Amino acid sequence: MMDGVMNLCRVKFRDHQRLARQSLAEYSVPTYQGMGEVPRAGNDSGGGQLGNAVHCKPHGANDWLYVVVQEAVWENLAKRIGPEVGVPELATDPRVASIGERRKNQQLVWTLINKFAEKHTKRELMAILNPLDVPCGPIMSTEDLATDEHVRGRDMWVELDHPKRGKWYNVGMPIKLSASPAVITRSPMLGEHTDEVLREVLGYDESKVASLKQAGAFSVPPKKAA
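Here the sequence shown stands for residues 8 to 233, numbered as in my numbering.
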C-alpha cells in the first residue's frame, strides 16, 4: 500500500528535489530555494503546472472537477471561457498570456475558471474540457464511485449475498492477474466449513467426526451474562 501511495506522490517528490535549486512558482503559497520539504498547499498540483479543484454546479460538497492548466492548452481554453466570463480577449490578456504571468496571477486564472464552472456540473465541464485536451477529472464521492460505470466494469464494486446480512457490496481486487483471477466471495459463517476441514484436510472419518461433535468439541460456547 505504501509503495502505491509513494508512486502516486511522484510529482511531489520531484518538487522536493526542485526546491534544492529554485522556488516553485506554480504554488499558491510561498516557497524558496533550500526550503526542504514541499509545502502543504491545498489542491495545488505542483510539477511546474497550475492545477486546482474547480467548484461546479450545483455547488455541493462533492461538486468539484480537478483541472490542470498546461501551457499547450491555455490558448484554446482561454478562447472558450473568456467570452462567457466577460474577458473576450483572455487568450492575449497580458496578465495571463504567458505561463510566467499565469503563475504570478494564478488567483485570477482560478477565479475566471470557477466563474465559468458555475454554470456546469462536473461532468458537463469535463465534456467541454476534454475536446480541448485540458487534463481534468472529477473529485468523486463514495456514491459516485459506487455507481461509476468504469468502477463496475473493472469489478471494483462487487455484489455479494450473505445468509445473514443479505445483499451488500464489497471493494474488488485492484491487482488483476489473467492466469490467477481473484474472485471476491462472502465471508463464511461460524463453523460453516468445519466438516469439510475435518474430513478433507485432517482425514477424519464419519465416526470420529460424530464422536467429536457428541463431545461438544465444535459447539458454540454458551453465552453468559457479564
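From the three backbone atoms N, C-alpha and C, an ideal C-beta is built for every residue, glycine too. Note that the coordinates shown come from a computational prediction; the quantities given were computed from them, not determined experimentally.
Only counting the same chain, and skipping five residues up and downstream in sequence, which positions put a Cβ closer than 6 Å to that of residue i?
i: W164; result: A153, V158 and Y176
i: V45; result: K19, D22 and H23
i: V141; result: V80 and L84
i: G43; result: none
i: G144; result: Y73
Per DSSP, what are the beta-bridge partners of residue i in this structure?
i: W175; result: L167
i: A222; result: According to DSSP, which records beta bridges pairwise, A222 is partnered with nothing at all.
i: W117; result: Paired residue(s): none; W117 is not in a bridge.
Look at residue i and residue j and say whether their C-beta atoms are less than 8 Å apart.
i: L57; j: T38; result: no
i: W71; j: I182; result: no
i: S52; j: V75; result: yes
i: N50; j: D151; result: no
i: M180; j: A186; result: no
i: V2; j: L119; result: Since the first residue of the chain shown is 8 and the last is 233, residue 2 is not available in this structure.
i: E82; j: A60; result: no
i: L139; j: R87; result: yes
Tell me whether residue i sits in a helix, a strand or coil according to DSSP, three-state version.
i: P146; result: In the sequence as displayed, the identity of residue 146 is Ile instead of Pro. Strand, per DSSP.
i: G53; result: strand
i: V76; result: strand
Looking only at its own chain, which residues have a Cβ that is under 8 Å from the Cβ of residue i, when we skip the five neighbours before and after it?
i: K111; result: A32
For residue i, count the other beta carbons within 10 Å of its own beta carbon; 16 or more makes it buried, fewer makes it exposed. Which is it?
i: K129; result: buried
i: G223; result: exposed
i: R21; result: exposed
i: F123; result: buried
Which same chain residues end up closer than 7 Å to residue i when comparing Cβ atoms and leaving out the 5 residues on each side of it in sequence?
i: Q113; result: S35 and L57
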